[in-house]
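Numbering (the working numbering), first residue to last: 11 to 431.
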């Protein structure tokens with residue numbers, strides 16, 4: 011029994027001696043700087059598996075002669091104030107509080123350049139009263155406004171002129187006056203129209219268009235429109251660019267390439283600006299598009315196209331030197347479905363032919379499949395609009411088409427004309 015007690019006592023003495031030795035060595039090493047601040051910080055607290063932080067287990071005595079080091083200025087305990095948003099940050103990295111302030115500032119700066127548009131056609135004879143509404147962008151201080159031609163569709167006659175019983179009213183944010191607008195010109199190939207109002211004593215604020223709109227898929231954008239009567243202000247939505255040069259079809263069947271975004275844009279906001287985070291216009295939104303019923307995306311006419319078309323409409327009333335054929339081409343996805351159903355050859359499916367156009371004169375018909383142009387085989391992905399842009403006015407273009415009505419191929423020729431609305 012006494013031998014067991016002696017063994018236990020011996021073990022206790024050994025453990026005590028080991029602990030004392032370890033403590034002495036630790037103090038010596040700390041004093042000589044062998045163990046640094048990294049070891050102290052790692053030993054100051056521990057985290058349990060349940061996420062609880064344990065209390066400090068070691069607080070070493072500071073040495074009297076620490077190794078000289080350069081010590082940075084201590085971090086302020088009071089967080090810095092949110093910086094004032096700078097439009098130049100639009101393409102850079104922003105913190106969440108900067109983005110919040112930036113969007114608010116952009117709305118306040120840009121919204122005075124966005125107008126509301128009401129179109130009304132008075133009842134006449136058996137025809138009932140018609141109305142339409144949308145948004146627009148102030149293009150110049152003199153009162154020029156750009157918007158979607160589709161907004162005016164109910165008020166345009168067969169010659170492209172405004173109906174005599176039609177009226178256009180324009181509302182400007184911050185101005186109590188309601189303006190009466192006149193139609194300067196419209197371009198059905200781009201879906202753009204220019205209106206004019208007389209600002210009188212009011213000073214209008216034109217929108218700023220991006221001088222070099224380098225767009226990228228995934229880029230954050232803002233869409234702004236004029237709010238309806240249910241809202242005191244608003245009309246702002248946000249999203250990202252999901253596609254560039256996206257082929258779409260306007261209401262009249264015109265094919266066009268546009269910016270595609272996932273921003274939710276209501277019909278009344280259609281015709282307003284698509285903005286980058288610098289508050290610059292990179293496009294003009296258009297919701298009046300023929301697309302699939304399940305398509306929740308929105309589209310915008312690129313800013314460079316808007317400026318080119320608007321400048322020519324204001325100066326000339328049309329776009330000079332632009333070749334015109336007078337057909338609409340079915341989108342590739344839709345044609346591929348028809349191709350499988352009716353065993354059609356590959357090519358461009360003619361979905362519409364404008365009466366008295368070069369295509370109409372050449373006997374191109376709705377339902378024809380263009381398989382060759384100027385002896386070159388074409389595919390359903392060919393961009394007919396781009397092809398026409400490369401052809402001078404008066405050019406002779408040869409077509410080989412398959413006509414399903416008789417199951418035969420036909421060779422046709424058309425002389426391109428200058429397009430005038």
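Even for Gly, the Cβ is constructed at its ideal location relative to N, Cα and C.
Original post:
Looking at C-alpha atoms only, which residue of 225, 199, 415 is the closest neighbour of residue 376?
Top reply: Here residue 376 is taken as the residue at index 366 of the chain shown, counted from 1. Taking each of 225, 199, 415 in turn and checking the Cα distance to residue 376, the smallest one comes out for 415.
Original post:
Exposed or buried, what is residue 410 when buried is set at 16 or more other beta-carbons lying within 10 Å of its beta-carbon?
Top reply: Reading the chain shown from its first residue, position 400 is the one you call residue 410. Buried: at least 16 other Cβ atoms inside 10 Å.
Subject >> Alpha-carbon spacing of residue 329 relative to residue 202, whole angstroms >> reply: Here residue 329 corresponds to residue number 319 of the chain shown, with the count starting at 1. Here residue 202 corresponds to residue number 192 of the chain shown, with the count starting at 1. As the crow flies, the alpha-carbon of residue 329 is around 12 Å from that of residue 202.
Original post:
Are there 16 or more other CB atoms within 10 angstroms of the CB of residue 81, so buried, or fewer, so exposed?
Top reply: Mapped onto the chain shown, residue 81 falls at position 71. Confidence at residue 81 is low in this model, with a pLDDT of 47, below 50, so its placement is unreliable and no value can be given for it.
Original post:
Given that a residue counts as buried once 16 or more other Cβ atoms are within 10 Å of its Cβ, and exposed if not, what is residue 352?
Top reply: Walking along the chain shown from the start, residue 352 turns up at place 342. With fewer than 16 neighbouring CB atoms inside 10 Å of its own CB, residue 352 falls in the exposed class.
Original post:
So is residue 92 buried or exposed if we call it buried at 16+ other beta carbons inside 10 Å?
Top reply: Counting from 1 along the chain shown, the entry for residue 92 is found at position 82. Residue placement at residue 92 cannot be trusted, given a pLDDT of 38 that sits under 50; what the coordinates show is reported in the next sentence. Exposed, because fewer than 16 other Cβ atoms sit within 10 Å of the Cβ of residue 92.
Original post:
Do residue 272 and residue 252 have their C-beta atoms closer together than 7 Å?
Top reply: Mapped onto the chain shown, residue 272 falls at position 262. Mapped onto the chain shown, residue 252 falls at position 242. For residue 272 and residue 252, yes; Cβs fall inside 7 Å.
**OP:** Look at residue 269 and residue 237 and say whether their C-beta atoms are less than 7 Å apart.
**Re:** In the chain shown, residue 269 corresponds to position 259, counting from 1. In the chain shown, residue 237 corresponds to position 227, counting from 1. In this structure, residue 269 lies away from residue 237, with their beta-carbon atoms at least 7 Å apart.
**OP:** Confirm, please, whether the CB-CB distance from residue 426 to residue 401 is below 7 Å.
**Re:** Numbered from its first residue, the chain shown carries residue 401 at position 391. Numbered from its first residue, the chain shown carries residue 426 at position 416. Against a cut-off of 7 Å, the Cβ pair of residue 426 and residue 401 comes out as a contact.
**OP:** Report yes or no: do the region 319-327 and the region 362-372 share at least 3 C-beta pairs separated by less than 8 Å?
**Re:** The answer is no - the region 362-372 does not touch the region 319-327, with fewer than three Cβ pairs under 8 Å.
Subject >> Top-ranked residue by Cα proximity to residue 211, from 309, 189, 254, 256 >> reply: Within the chain shown, the letter at position 201 stands for residue 211. Looking from the CA of residue 211, the closest CA among 309, 189, 254, 256 belongs to 189.
Original post:
Applying the criterion that 16 or more other CB atoms from any shown protein chain within 10 Å of the CB defines a buried residue, is residue 157 buried or exposed?
Top reply: Walking along the chain shown from the start, residue 157 turns up at place 147. The residue in question, residue 157, is buried, as its Cβ has 16 or more Cβ neighbours within 10 Å.
Original post:
Does the distance from the C-beta atom of residue 407 to that of residue 428 stay below 7 Å?
Top reply: In the chain shown, residue 407 corresponds to position 397, counting from 1. In the chain shown, residue 428 corresponds to position 418, counting from 1. Remark: C-beta atoms of residue 407 and residue 428 do not approach each other more closely than 7 Å.
Original post:
Looking at C-alpha atoms only, which residue of 153, 170, 117 is the closest neighbour of residue 208?
Top reply: For this step, residue 208 is matched to residue 198 along the chain shown. Closest in C-alpha terms to residue 208, from the list 153, 170, 117, comes 153.
Original post:
Which same chain residues, not among the five before or five after residue 60, have their C-beta less than 6 Å away from its C-beta?
Top reply: Your numbering for residue 60 matches position 50 in the chain shown. Unreliable placement is indicated for residue 60, whose pLDDT of 40 sits below 50; the coordinate value is still reported in the next sentence. Short of 6 Å from the beta carbon of residue 60, and not among the five residues preceding or following it, lies no beta carbon of its own chain.
Subject >> Delimiting residues of the alpha helix (DSSP H) encompassing residue 310 >> reply: In the chain shown, the residue the question calls residue 310 occupies position 300. Secondary structure note for residue 310: it is in no alpha helix (DSSP H), and the uninterrupted beta strand (DSSP E) holding it is 308-312.
Subject >> is_contact[residue 218, chain C] using C-beta, thresh 7 Å >> reply: No chain C is present in this structure, which holds just one protein chain.
Subject >> Local Cβ density within 10 Å of residue 430, reported as buried at 16 or more and exposed below that >> reply: Start at 1 with the first residue of the chain shown, and residue 430 comes out as number 420. Using a 10 angstroms sphere on the CB of residue 430, the tally of other CB atoms stays under 16, which defines it as exposed.
**OP:** Starting from residue 350, follow the alpha helix (DSSP H) in both directions and report where the run begins and ends.
**Re:** One-based indexing of the chain shown puts residue 350 at position 340. Segment 342-352, the alpha helix (DSSP H) holding residue 350.
Original post:
Counting along the chain, where does the alpha helix (DSSP H) carrying residue 371 start and finish?
Top reply: Locating residue 371 in the chain shown gives position 361, counting from the first residue. Residues 368-371.
Original post:
Below 8 Å, can you find three or more Cβ-Cβ pairs linking the region 159-177 to the region 225-237?
Top reply: With the cut-off at 8 Å, the region 159-177 and the region 225-237 do not touch.
Subject >> Contacts around residue 67, its chain only, beta-carbon distance under 6 Å, and the 5 residues preceding and following it disregarded >> reply: The residue given as residue 67 occupies position 57 in the chain shown. Reliability of the predicted coordinates at residue 67 is poor, the pLDDT of 43 falling under 50, and the value obtained from them is presented with this limitation in mind. The answer is none, since no qualifying residue turns up.
Original post:
Under 7 Å, do residue 357 and residue 381 count as touching if we go by C-beta distance?
Top reply: Start at 1 with the first residue of the chain shown, and residue 357 comes out as number 347. Start at 1 with the first residue of the chain shown, and residue 381 comes out as number 371. Between residue 357 and residue 381, the C-beta spacing is below 7 Å.
**OP:** Can you grab the Cα-Cα spacing for the pair residue 133 / residue 171, in whole Å?
**Re:** Position 123 of the chain shown, counting from 1, holds the residue named residue 133. Position 161 of the chain shown, counting from 1, holds the residue named residue 171. Using only the alpha carbons, I get a separation of about 18 Å.
**OP:** Measure from the alpha carbon of residue 214 to the alpha carbon of each residue in 147, 167, 276, then state which is nearest.
**Re:** Your numbering for residue 214 matches position 204 in the chain shown. With respect to the C-alpha of residue 214, the residue from 147, 167, 276 having the closest C-alpha is 147.
Original post:
Just to confirm, are residue 373 and residue 422 a CB contact at a threshold of 7 Å?
Top reply: Position 363 of the chain shown, counted from the first residue, corresponds to residue 373. Position 412 of the chain shown, counted from the first residue, corresponds to residue 422. Note that the C-beta distance between residue 373 and residue 422 is below 7 Å.
**OP:** State buried or exposed for residue 47, treating a residue as buried only when at least 16 other CB atoms are found within 10 Å of its CB.
**Re:** Taking the chain shown and counting its residues from 1, one reaches residue 47 at position 37. Reliability of the predicted coordinates at residue 47 is poor, the pLDDT of 42 falling under 50, and no value is obtained from them.
**OP:** In the DSSP assignment, find the beta strand (DSSP E) that holds residue 359 and state where it starts and stops.
**Re:** As a first step, residue 359 must be located in the chain shown, where it is residue number 349. In the DSSP assignment, residue 359 falls within the unbroken beta strand (DSSP E) covering 358-363.
Subject >> C-alpha gap between residue 131 and residue 178, whole angstroms >> reply: Numbered from 1 along the chain shown, position 121 holds the residue referred to as residue 131. Numbered from 1 along the chain shown, position 168 holds the residue referred to as residue 178. Residue 131 and residue 178 have their C-alpha atoms roughly 9 Å apart.
Original post:
If you follow the beta strand (DSSP E) that residue 202 is part of, which residue opens it and which one closes it?
Top reply: Taking the chain shown and counting its residues from 1, the one referred to as residue 202 is at position 192. Run containing residue 202: 202-206, per the beta strand (DSSP E) assignment.
**OP:** Output the boundary residues of the beta strand (DSSP E) element that contains residue 192.
**Re:** For the purposes of this step, residue 192 is taken as the residue at position 182 of the chain shown. Bounds of the beta strand (DSSP E) holding residue 192 are 192-197.
Original post:
beta strand (DSSP E) containing residue 232: first to last residue?
Top reply: Counting from 1 along the chain shown, the entry for residue 232 is found at position 222. Here the beta strand (DSSP E) through residue 232 covers 230-234.
**OP:** My understanding is that residue 220 touches residue 292, with C-beta atoms under 8 Å, so please give their C-beta distance in whole angstroms.
**Re:** The residue given as residue 220 occupies position 210 in the chain shown. The residue given as residue 292 occupies position 282 in the chain shown. Contact holds; Cβ gap of about 5 Å.
Subject >> Contact set for residue 392: own chain, Cβ-Cβ below 7 Å, skip 5 residues either direction >> reply: By 1-based counting over the chain shown, the position of residue 392 is 382. Result list for residue 392: 358, in chain order.
Subject >> Start-to-end residues for the alpha helix (DSSP H) that takes in residue 396 >> reply: The residue given as residue 396 occupies position 386 in the chain shown. Counted as a single uninterrupted DSSP element, the alpha helix (DSSP H) harbouring residue 396 occupies residues 394-399.
Original post:
Taking the C-alpha atoms as reference points, what is the distance between residue 184 and residue 126?
Top reply: Residue mapping note: residue 184 aligns to position 174 of the chain shown, counting from 1. Residue mapping note: residue 126 aligns to position 116 of the chain shown, counting from 1. Roughly 12 Å between the two C-alpha positions.
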